[in-house]
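So the protein sequences, as listed, match chains C and Y.
Residues 1 to 381 (the UniProt record's numbering) make up the first sequence, in order.
Residues 1 to 423 (the UniProt record's numbering) make up the second sequence, in order.
Yeah, the Cβ is synthetic: ideal placement off N, Cα and C, and Gly gets one too.
Data block below; observations after.
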Amino acid sequence: MNRVVSQRMFTWTELMGFVVLAALIFVVLPMTMDVFRLNLFGKYLTYAFVALGLVLCWGAGGILSLGQGVFFGLGGYCMAMFLKLEASSPENTAIQSTPGIPDFMDWNQVTYLPWWWEPFHYLPFALVAVVLVPVALSFVIGVAMFRRRVGGVYFAIITQAIAAILTILIIGQQGYTGGVNGITDLRTMLGWDIRTDDAKVILYFVNAVLLFACLFMAHFVRRSKLGRLLIAIRDREDRVRFSGYDVANFKIFVFCLGCAFAGIGGAMFTLQVGFMSPSFVGIVPSIEMVIFCAVGGRYSIFGAVYGTLLVNWAKTALSESFPELWLFAMGALFIGVVLAFPSGVAGLYNDWIETPIRKALRRSRGPVIAEPAVQQPNPAE
Amino acid sequence: MSDNDKTRGIFPPLSRRGMLLGSAALSASLFMPKGLRAQDYPTAQVNTSGLAVTDDTVTVGILHSVTGTMAISETGSVQAEKLAIDQINAQGGVLGRKIQFIQEDGASDWPTFAEKARKLLVNDKVASVMGCWTSASRKAVLPVFEQYNGMLYYPTFYEGLEQSPNVIYTGQEATQQIIAGIDWVTNEKGAKTFYLLGSDYIWPRTSNKIARKHIEDKLGLKVVGEEYYPLGHTQFNSVINKIRLRKPDVIYAIVVGGSNVAFYKQLKAAGIDMTEEKPVLLTISVTEDEIRGIGGENIEGAYACMKYFQSLQNENNDTFVAAFKDMWGSDMVIGDVTQAAYLGPWLWKLAVEKAGSFDVDKVREASPDIEFPQAPEGYVRIHENHHLWSRTRVGRAKADGQYEVVFETEDLVEPDPFPEGYQ
Numbered sequence: 001m002n003r004v005v006s007q008r009m010f011t012w013t014e015l016m017g018f019v020v021l022a023a024l025i026f027v028v029l030p031m032t033m034d035v036f037r038l039n040l041f042g043k044y045l046t047y048a049f050v051a052l053g054l055v056l057c058w059g060a061g062g063i064l065s066l067g068q069g070v071f072f073g074l075g076g077y078c079m080a081m082f083l084k085l086e087a088s089s090p091e092n093t094a095i096q097s098t099p100g101i102p103d104f105m106d107w108n109q110v111t112y113l114p115w116w117w118e119p120f121h122y123l124p125f126a127l128v129a130v131v132l133v134p135v136a137l138s139f140v141i142g143v144a145m146f147r148r149r150v151g152g153v154y155f156a157i158i159t160q161a162i163a164a165i166l167t168i169l170i171i172g173q174q175g176y177t178g179g180v181n182g183i184t185d186l187r188t189m190l191g192w193d194i195r196t197d198d199a200k201v202i203l204y205f206v207n208a209v210l211l212f213a214c215l216f217m218a219h220f221v222r223r224s225k226l227g228r229l230l231i232a233i234r235d236r237e238d239r240v241r242f243s244g245y246d247v248a249n250f251k252i253f254v255f256c257l258g259c260a261f262a263g264i265g266g267a268m269f270t271l272q273v274g275f276m277s278p279s280f281v282g283i284v285p286s287i288e289m290v291i292f293c294a295v296g297g298r299y300s301i302f303g304a305v306y307g308t309l310l311v312n313w314a315k316t317a318l319s320e321s322f323p324e325l326w327l328f329a330m331g332a333l334f335i336g337v338v339l340a341f342p343s344g345v346a347g348l349y350n351d352w353i354e355t356p357i358r359k360a361l362r363r364s365r366g367p368v369i370a371e372p373a374v375q376q377p378n379p380a381e
Numbered sequence: 001m002s003d004n005d006k007t008r009g010i011f012p013p014l015s016r017r018g019m020l021l022g023s024a025a026l027s028a029s030l031f032m033p034k035g036l037r038a039q040d041y042p043t044a045q046v047n048t049s050g051l052a053v054t055d056d057t058v059t060v061g062i063l064h065s066v067t068g069t070m071a072i073s074e075t076g077s078v079q080a081e082k083l084a085i086d087q088i089n090a091q092g093g094v095l096g097r098k099i100q101f102i103q104e105d106g107a108s109d110w111p112t113f114a115e116k117a118r119k120l121l122v123n124d125k126v127a128s129v130m131g132c133w134t135s136a137s138r139k140a141v142l143p144v145f146e147q148y149n150g151m152l153y154y155p156t157f158y159e160g161l162e163q164s165p166n167v168i169y170t171g172q173e174a175t176q177q178i179i180a181g182i183d184w185v186t187n188e189k190g191a192k193t194f195y196l197l198g199s200d201y202i203w204p205r206t207s208n209k210i211a212r213k214h215i216e217d218k219l220g221l222k223v224v225g226e227e228y229y230p231l232g233h234t235q236f237n238s239v240i241n242k243i244r245l246r247k248p249d250v251i252y253a254i255v256v257g258g259s260n261v262a263f264y265k266q267l268k269a270a271g272i273d274m275t276e277e278k279p280v281l282l283t284i285s286v287t288e289d290e291i292r293g294i295g296g297e298n299i300e301g302a303y304a305c306m307k308y309f310q311s312l313q314n315e316n317n318d319t320f321v322a323a324f325k326d327m328w329g330s331d332m333v334i335g336d337v338t339q340a341a342y343l344g345p346w347l348w349k350l351a352v353e354k355a356g357s358f359d360v361d362k363v364r365e366a367s368p369d370i371e372f373p374q375a376p377e378g379y380v381r382i383h384e385n386h387h388l389w390s391r392t393r394v395g396r397a398k399a400d401g402q403y404e405v406v407f408e409t410e411d412l413v414e415p416d417p418f419p420e421g422y423q
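Structure below.
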């Protein structure tokens, strides 16, 4: 039984999970939502990339990063720089003292395009940068931290500090980054107007396809020997090390992968929302992203998506109905989740739906050797 | 104030005699609404672009932060806008239709502003939106308003360098606020040297750029220092030491938000006594709202340059302050932006009635030259560039948290969002 599980790509429940989520994202939401709401859900789904990365890093690998906003933001900024340059053609910016450069540079008396903006004239470069820039930074952080065996709380604090540093850097260098305002008024991508309703629907589906690609990748990582090692590292790091594995390399890999997901999410965010600002980079958004993952259930890749959708939808709905009180309701929701079901929505599903069904099936079939649960959270954690 | 007055708002119903006497003096457009009935303006005629207008009501949006760091500043704007809407409704509404509003929370987060703006325009089809405070939030919603052709009434004094067909700027742009103040401090206080400092974002930087050009190029005086600190910064001791060292005649401060509290307390602790007028402190970013946080005793003697102070002595303002306190509590203070926010619904109403239509294109066309003599700050008029002609005033902070007006420009100052020679 055990061997069968490890060789098959999906168990039936996992396959069902993919099918149900695909039905929700590809059919139910587009059928029931108008373009405005669909665009909102598209935005929520970009956060799901980050939550998915956190499921791998935190849920599987035990690496809690409180700075995922950094990587989301870097991906988003790379995309925004390309779009901004396209929107700043000399004809569009004729009113400025230096036409042809982004408007915020003009406001800040920058009179030439900085050299590191130049490559962002080219879409292929920007697309590669969306993934590569976050990965490069996470690689440096990973090597510096994990090789020195910095982990747990210390790692969380350091990533949080990095989020703070990057925010200060972006805000301080407003002539080059747009400062607090961010990079706004993005219009076209290679001449294609990204603000129209049609574009929003298309971008939603592109986003959904990319998310599924990442979900599959995350699933395969979890299925592979690497995924098993990650869980082993999470639960008993020293034993894995004593068995001869280089723990740091595994951690670096999974951290970089999570950050690559975040970068893709950031880029899709910029495309769908039409701008990028430091308010996605700092400490608060980074912690919010961890909350999405925690509410969904940090051990489940589907939980990450459902959790993100649930929290963000609640945020929108509550703030529309109670503009002055909604933050209290959100606070209550988080406290409720943590107190009532610490493994999030996915844990709730496992305890109340999946396990009873399995038990019932087992009873009807007679005694079978129990299937090992795919992920068994360490209760001591 | 009696209950009766409260329901009437600042435009008490006119007696026949008052009508005869007053109509000559006041703009005729203001009396039009008295006779306007919805049935004279069929919905199909006044709304050809599918806005949320029925035979009895018209819906507008209010979009400010009521949560997050900006809530403390923006709450006053929300209150002023609600007051104006109440008063307009008490007077019969706009084209015979009562104003309803949908309030959304920008949550001090620029992307949320953009999202809520889209919701208001696309889902709710509001006829106009009163809202935003920071430049960042305005920059975030601007593309949305231009794409969906909405109309935004933006209340904050700001850096200029912008002129959107979809925005009416009811606060002052930078040159209106800055130049008169610097001229005043030069003429009245004989200032020769200036020290500029501010929070690090576009408004203080642009404002100081204009101030420096004016000081150095037009007046031939000297700037002895210019520095910026991140938003939320609370350690100003090093800059205060530099100020003491260089002994400028004027400290020109554009510190915003919570940083103000630390700045003025530390300034006082360092022994710079603003009541002695050496050096003079001139700010363009501290309204009565901020003084509530700073504490009147810490800022007493400083000068502020803006278009409105709660202590303005005129009939319009007396009625406005009384109505505001009546609605929101007697301990309320009213700052420059709050007053500018109050103008939003009124200017929109006047433009709609001049256009005879709620359609945004027609309202935009009707907006230039709209006059509003009953504004608490005094007569204002909309310029072709969508900013207001307004007076600039200098006030001196008192220990009780109010300003004493010590100077006001003789004429209305023309708004000039793209000033030549100051770029």
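Excluding five sequence neighbours on each side, which residues of the same chain lie with their C-beta closer than 6 Å to the C-beta of Y/A341? For this step, residue 341 of chain Y is matched to residue 341 along the second sequence. Excluding residues within five positions, the ones whose Cβ falls inside 6 Å are S77, A80, E81 and P155.
At which residues does the alpha helix (DSSP H) containing C/A332 begin and terminate? Locating residue 332 of chain C in the first sequence gives position 332, counting from the first residue. Start and end: W326 to A340.
Three-state secondary structure assigned by DSSP to C/Q109: Here the question's residue 109 of chain C lines up with position 109 in the first sequence. Coil, per DSSP.
Compute the Euclidean distance between the alpha carbons of C/R228 and C/R222, then round it to the nearest angstrom. Translated into positions along the first sequence, residue 228 of chain C becomes position 228. Translated into positions along the first sequence, residue 222 of chain C becomes position 222. So the alpha carbons of these two residues sit roughly 7 Å apart.
Measuring CB to CB, does C/V305 end up less than 9 Å from C/L45? Within the first sequence, the letter at position 305 stands for residue 305 of chain C. Within the first sequence, the letter at position 45 stands for residue 45 of chain C. For C/V305 and C/L45, yes; Cβs fall inside 9 Å.
Min CB distance C/S319 to chain Y below 9 Å: Walking along the first sequence from the start, residue 319 of chain C turns up at place 319. Chain Y, which has a Cβ nearer than 9 Å to the Cβ of C/S319, makes this yes.
Selection from Y/R37, Y/S137 and Y/L267 that minimises the alpha carbon distance to C/M276: As a first step, residue 276 of chain C must be located in the first sequence, where it is residue number 276. Considering only alpha carbons, the answer is Y/S137.
My parser needs the alpha helix (DSSP H) runs of 4 or more residues fully inside the segment 219–291 of chain C; what are they? 225–242 and 247–273
Distance between beta carbons of C/G274 and Y/P143, contact taken as under 8 Å: Start at 1 with the first residue of the second sequence, and residue 143 of chain Y comes out as number 143. Start at 1 with the first residue of the first sequence, and residue 274 of chain C comes out as number 274. So it is a contact: roughly 6 Å between Cβ atoms.
According to DSSP, which residues form a beta bridge with Y/R396? Residue 396 of chain Y sits at position 396 when you count from the first residue of the second sequence. Answer is Y/Y303 and Y/E404.
To the nearest angstrom, report how far apart C/I63 and C/L52 are at their CA atoms. Walking along the first sequence from the start, residue 63 of chain C turns up at place 63. Walking along the first sequence from the start, residue 52 of chain C turns up at place 52. So the two alpha carbons sit approximately 13 Å from each other.
What do you reckon, are the CB atoms on Y/M151 and Y/I62 nearer than 9 Å? The residue labelled residue 151 of chain Y in the question sits at position 151 within the second sequence. The residue labelled residue 62 of chain Y in the question sits at position 62 within the second sequence. No, they are not a contact pair.
Contact between the segment 307–327 of chain C and the segment 86–96 of chain C is defined here as three or more beta-carbon pairs at a separation below 8 Å; is this criterion met? no
Starting from Y/N123, find everything on chain C with Cβ-Cβ shorter than 9 Å and list it in chain order. Mapped onto the second sequence, residue 123 of chain Y falls at position 123. Chain C residues near Y/N123: D34, F36 and R37.
Touch test, the segment 141–151 of chain C against the segment 262–270 of chain C, Cβ-Cβ under 8 Å, three pairs minimum: no
For Y/R97, does the three-state DSSP call read helix, strand or coil? For the purposes of this step, residue 97 of chain Y is taken as the residue at position 97 of the second sequence. DSSP places Y/R97 in strand when its eight states are reduced to three.
Any idea if C/L15 is buried or exposed, counting beta-carbon neighbours within 10 angstroms, 16 or more meaning buried? Here residue 15 of chain C refers to the residue found at position 15 of the first sequence. Label assigned to C/L15: exposed.
For a test of the three-state rule: what should DSSP assign to residue 427 of chain Y, helix, strand or coil? An answer regarding residue 427 of chain Y cannot be provided, because it is not within the stretch 1 to 423 covered by chain Y.
Quick one: what's got a C-beta closer than 8 Å to Y/T67's C-beta in the same chain, skipping five residues either side? For this step, residue 67 of chain Y is matched to residue 67 along the second sequence. Correct list, in chain order: D105, A107 and S108.
Minimum Cβ-Cβ distance from Y/E420 to chain C less than 9 Å: Here residue 420 of chain Y refers to the residue found at position 420 when the second sequence is read from its first residue. Chain C contact via Cβ: absent.
To be precise: take each residue of the segment 157–170 of chain C, compare its Cβ to all Cβ atoms of chain Y, and keep it if any distance is under 7 Å. Which residues remain? I168
For a contact defined as C-beta to C-beta under 7 Å, what are the partners of Y/V223 on chain C? On the second sequence, position 223 is the one that residue 223 of chain Y refers to. Simply none; closest approach about 15 Å.
Report the neighbours of Y/R212 on chain C: residues whose CB is nearer than 7 Å to its CB, in chain order. Taking the second sequence and counting its residues from 1, one reaches residue 212 of chain Y at position 212. Ordered by position in chain C, no residue passes the 7 Å Cβ test against Y/R212, which lies about 11 Å from the chain.
Using a Cβ cut-off of 9 Å, pull out every chain Y residue sitting near C/G265, in sequence order please. Your numbering for residue 265 of chain C matches position 265 in the first sequence. Under the 9 Å cutoff, chain Y gives no residues; its nearest Cβ is about 14 Å from C/G265.
So which residues of chain C does Y/L231 contact, with C-beta pairs closer than 9 Å? Here the question's residue 231 of chain Y lines up with position 231 in the second sequence. Per Cβ cutoff of 9 Å: I171 and V180.
With contact counted as at least three CB pairs below 8 Å, one residue from each stretch, are the segment 31–43 of chain C and the segment 247–256 of chain C in contact? no
Secondary structure of Y/R381, DSSP reduced to three states: Within the second sequence, the letter at position 381 stands for residue 381 of chain Y. Strand.
Mind checking C/T167: buried by the 16 CB within 10 Å criterion, or exposed? To locate residue 167 of chain C, count along the first sequence from 1; it is residue 167. By the neighbour-count rule (16 or more Cβ atoms within 10 Å), C/T167 is buried.
Any beta carbon of chain C sitting closer than 9 Å to that of Y/D105? As a first step, residue 105 of chain Y must be located in the second sequence, where it is residue number 105. Y/D105 counts as touching chain C.
Using 9 Å as the threshold, is the C-beta distance between Y/Y264 and Y/R393 below it? Translated into the one-based positions of the second sequence, residue 264 of chain Y becomes position 264. Translated into the one-based positions of the second sequence, residue 393 of chain Y becomes position 393. Not a contact, by the Cβ cut-off of 9 Å.
Note the first and the last residue of the continuous alpha helix (DSSP H) segment covering C/E354. Your numbering for residue 354 of chain C matches position 354 in the first sequence. It is not in any alpha helix (DSSP H) - C/E354 carries neither H nor E in the DSSP assignment.
Within the 9 Å Cβ cut-off, does residue 450 of chain Y reach chain C? The structure shown does not extend to residue 450 of chain Y, since chain Y is modelled only from 1 through 423, so no value can be given for it.
What span of residues does the alpha helix (DSSP H) with C/F302 cover, start to end? For this step, residue 302 of chain C is matched to residue 302 along the first sequence. I301 to S321 is the span of the alpha helix (DSSP H), which, as asked, contains C/F302.
Could you spell out the range, first to last residue, of the beta strand (DSSP E) harbouring Y/Y229? The residue given as residue 229 of chain Y occupies position 229 in the second sequence. Residues K222 to Y229.
In the DSSP assignment, find the alpha helix (DSSP H) that holds C/Y77 and state where it starts and stops. For the purposes of this step, residue 77 of chain C is taken as the residue at position 77 of the first sequence. Unbroken alpha helix (DSSP H) run through C/Y77: Q68 to A87.
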